[in-house]
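J.: Residue numbers (UniProt numbering): 1 to 633.
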Amino acid sequence: MESLQKAGCTALGIENPRGTVTIDKNKPVTIRKIEGGENLRPEEITQIQPQKFTLNLRSGEPQKFTLTFKRAEDYPIDLYFLMDLSDSMRSNLENVKNLGADLAREMRDITKDLRIGFGSFLGKLVMPFIQMTPKYLQNPCFPNDCTAPFSYKNVLSLTNDSTLFTQEVSKQKTSGNLDSPEAGFDAIMQAAVCTKEIGWRNVTRLLVFSTDAGFHFAGDGKLDYPTISQLVDTLSDNNIQTIFAVTEQFRALYQELSALIPKSTVGTLSTSSSNVIQLIIDSYNSLSAEVILENSRLPPDVFISYVSHCKNGVSRKGESGRTCFNISIGDEVTFDIEIMAKGCPSDGKSETIKIKPLGFNEEVEIVLNFICECECHKDGIPNSQSCHFGNGTLECGVCRCNNGRLGRLCECSQDEVKTDDLDANCRRDIGTEVCSNNGECVYGMCECKKRDNPEERYSGTFCECDNFNCDRSNNKLCGGHGRCECRKCICDPNYTGSACDCPLDTSTCLASNKQICNGRGTCECGVCKCTDSKFQGPTCEICPTCPGVCTQHKDCVQCRAFATGDKKDTCEKECGYFNLKVVKMMNELPHPHDQPYINHCKERDANDCWFFFTYASKNDSTIEVHVVEELTC
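1. Rounded to whole angstroms, what is the Cα-Cα separation between T66 and V314?
2. For H591, report the span of its beta strand (DSSP E) as first-last.
3. Measure how close the beta-carbons of T46 and P28 come, nearest whole angstrom, since I'm counting them as under 8 Å.
4. So if DSSP puts N369 in a beta bridge, which residue, or which two residues, is it bridged to?
5. With a threshold of 8 Å between beta-carbons, can R322 be considered close to chain C, or not?
6. Would you give the residue range spanned by the alpha helix (DSSP H) that R283 belongs to?
7. In chain order, what residues of the same chain have a beta carbon less than 7 Å from the beta carbon of S59, not counting five sequence neighbours either side?
8. Name the DSSP bridge partner or partners of R217?
9. Among K514, S473, I516, which one has its Cα closest to the Cα of Y495?
10. When burial is assigned at 16 or more other CB atoms within 10 Å of the CB, is W200 buried or exposed?
11. Please state whether DSSP places C441 in a helix, a strand or coil.
12. Per the contact definition of three or more C-beta pairs closer than 8 Å, is the segment 115 to 128 in contact with the segment 80 to 87?
13. Can you check the segment 188 to 266 for any alpha helix (DSSP H) of at least 4 residues that lies completely inside it and give the ranges in chain order?
14. Using the Cβ count rule (16 or more neighbours within 10 Å means buried), how would you classify S617?
15. Helix, strand or coil: which one does DSSP assign to E15?
16. Grab the span of the alpha helix (DSSP H) containing K554 for me, first residue to last.
17. State the CB to CB distance for the pair E363 and I371, rounded to an integer number of angstroms; the pair is presumed to be in contact (CB under 8 Å).
18. Of the residues E629, V625, Y615, D113, which one's Cα is nearest the Cα of C609?
19. Could you give the DSSP three-state label for L510: helix, strand or coil?
20. Who are K488's beta bridge partners in DSSP?
21. Just the C-alpha distance for N475 and D501, rounded to the nearest angstrom, thanks.
22. Could you compute how far the alpha carbon of G224 sits from the alpha carbon of A218?
23. Cβ of C543 within 8 Å of Cβ of C528?
24. Out of Q515, K514, C530, which one is the CA nearest neighbour of G521?
25. Of the residues C486, P382, S350, E290, which one's Cα is nearest the Cα of residue 667?
26. Taking residue 696 as the reference, give the member of F69, L406, F335, H600 with the closest Cα.
27. Just checking my contact of I243 with F209 at CB under 8 Å: how many whole Å lie between their CB atoms?
28. Sort L477, C540, D420 by Cα distance to V442 and report the nearest one.
29. Quick check on R90: does DSSP put it in helix, strand or coil?
30. Taking DSSP's pairing of strands, which residues face D347 in a bridge?
31. Restricting to Cα atoms, I'd like to know which of P538, E294, I280 is closest to L99.
32. When the distance is taken between beta carbons, is S151 closer than 8 Å to E197?
33. Evaluate S283 with the Cβ neighbour count: other Cβ atoms within 10 Å of its Cβ, from every protein chain shown; 16 or more gives buried, anything less gives exposed.
34. P149 and G123 look like a contact to me (Cβ under 8 Å); what is the Cβ gap, rounded to whole Å?
35. Quick check: what's the CA-CA separation for K153 versus F121?
36. Tell me the DSSP secondary structure of R405 in three-state form.
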């Protein structure tokens with residue numbers, strides 16, 4: 001703005017479009033109770049707010065908004081039990097047959113709207129996984145009785161009829177295959193994507209995967225099995241949370257798998273799966289207590305960051321900023337989200353991204369519009385007389401010349417102009433480099449070079465400016481507290497200096513008496529410069545040659561270390577200004593070479609006993625006291 005005004009632009013003639021955030025849909029999160037609560041359909045329950053934004057993004061200018069997540073009480077659950085029916089699971093199947101009614105009863109405290117389904121899997125019907133002889137295909141467990149081998153069966157789609165669940169599961173028999181790993185990944189993929197056949201609703205979706213064996217995955221056959229990454233993407237895309245209920249022998253294997261699958265957990269089956277109901281309830285509580293935000297693929301040069309504000313005032317940044325843990329039903333947490341574009345799309349079109357909590361059916365839609373040019377570009381004046389008798393279009397006060405015309409005002413014909421004449425227009429002063437050696441002169445106008453780093457740019461009429469050659473502090477451009485404009489740091493508020501490394505904030509210079517540098521110095525760039533030579537330390541409070549330092553603090557040391565003395569009744573209120581460390585022997589007290597600003601003290605109490613301590617002010621302005629634990633009487 002300043003450079004434009006210096007160049008003669010009026011305030012009314014300058015456009016400075018800013019980014020904006022608009023909330024388009026903001027349905028409040030649902031508040032209700034499981035007992036006597038309003039009977040809502042799943043699509044009427046809201047757990048994340050707002051639901052839609054429109055962001056107008058200007059390059060380099062971040063836009064911020066906040067999302068609120070609240071776990072709804074009595075939220076519906078779809079639970080699909082997917083079981084390995086190899087013959088080694090025969091005893092486990094007997095317990096699962098009674099699962100329906102018992103599970104519905106135990107889950108009643110969590111939700112009144114539970115639907116359960118059942119599927120089974122074994123192995124692919126090809127060698128070498130299954131023996132392909134006719135006799136084996138009829139009864140692979142001979143002489144015992146079992147069903148023909150199969151890959152995957154959807155035995156019962158999701159239903160709220162627990163009696164029907166018991167009836168259908170009771171009809172199931174185990175089967176047999178040749179190798180130990182099973183085709184569980186095949187079954188998970190089919191159960192996840194066959195939404196209509198399984199009957200998945202847009203509610204909490206749980207898939208309980210029960211087995212006593214490992215798994216086949218991509219590479220075990222010719223494109224026969226899914227990869228782990230395909231499994232992760234499919235479960236995430238379909239908002240399915242997975243509970244691996246496995247035997248102790250394979251627990252470690254499935255824990256490694258679960259570490260790669262967000263919103264999954266592993267539980268250990270007891271003998272014959274007698275603990276399966278408690279395992280499901282514990283796993284559900286663990287999964288639902290974790291909120292992880294995930295965003296869809298971002299457009300090029302668009303970046304997103306998260307800061308979570310969780311229970312008990314806990315905040316997280318970076319990748320951890322996507323997550324909150326230990327969320328109970330009814331708890332409310334917030335996420336501060338920042339989106340910034342560092343460039344413009346080549347086509348300038350809007351983009352849409354989505355943010356959703358993993359394992360939940362809700363999502364937030366964010367429409368991104370990009371501010372890539374000023375409004376005046378849309379109102380260009382073709383054949384403007386300002387461009388040398390109509391030889392160009394006047395856009396934003398600058399001539400865009402017609403074909404064959406050159407010059408700032410399109411005053412030259414391409415056929416009539418010599419290269420030297422054009423280059424003269426690209427020199428800031430006579431004798432200077434063409435385009436400051438940072439660009440090329442094209443028809444009398446500088447086109448600045450592109451840098452390998454897209455965030456670094458040359459700019460200016462003669463490419464004389466850049467945003468990366470400013471002073472640095474702590475190896476950061478402008479000390480990390482400003483931006484570089486035309487090789488000069490423009491500091492953030494509360495910072496100054498050529499590298500923005502001098503804070504104007506004086507809080508680091510406050511002494512314990514709330515005076516700047518104890519009234520005995522000046523605060524320069526957040527550091528005290530003591531003007532009285534007798535005083536030293538971070539806040540000019542240490543005076544080794546002054547009487548009274550030990551006496552001044554002895555009552556607080558006495559009450560903190562021994563719970564005696566004049567301040568024992570007000571100790572907590574008046575004496576919390578230092579860190580206390582107790583040592584056993586006097587020779588364990590710190591010495592001057594350990595801490596530069598230190599006083600050794602010997603004081604007497606009311607019982608005529610001596611206690612010994614040191615008082616030191618550290619470089620971070622904290623005060624540290626070491627005291628010998630035993631009195632000398």
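Where is the CB? At the ideal position from N, CA and C, for every residue including glycine.
T.: Reading off the structure:
1. 16 Å
2. It is not in any beta strand (DSSP E) - H591 carries neither H nor E in the DSSP assignment.
3. 7 Å
4. N56
5. As a matter of chain content, chain C is missing from the structure shown, which is built from one protein chain.
6. Contrary to the premise, residue 283 reads as Ser rather than Arg in this sequence. Start and end: 276 to 288.
7. A341, K342, G343, C344
8. Before going further, note that residue 217 is Phe rather than Arg in the sequence given. Answer is none; F217 lacks a bridge partner.
9. S473
10. buried
11. strand
12. yes
13. 195 to 198, 228 to 237, 251 to 258
14. buried
15. coil
16. 549 to 562
17. Incorrect: roughly 26 Å between the Cβ atoms, too far for contact.
18. E629
19. strand
20. E485
21. 11 Å
22. Contrary to the premise, residue 224 reads as Asp rather than Gly in this sequence. C-alpha separation (whole angstroms): 7 Å.
23. no
24. C530
25. Residue 667 is absent from the structure shown; the chain starts at 1 and stops at 633.
26. What the structure shows of the chain is the stretch from 1 to 633, and residue 696 is not part of that stretch, so it cannot be assessed.
27. 7 Å
28. D420
29. helix
30. Beta-bridge pairing links D347 to no other residue.
31. I280
32. no
33. buried
34. 7 Å
35. 6 Å
36. strand
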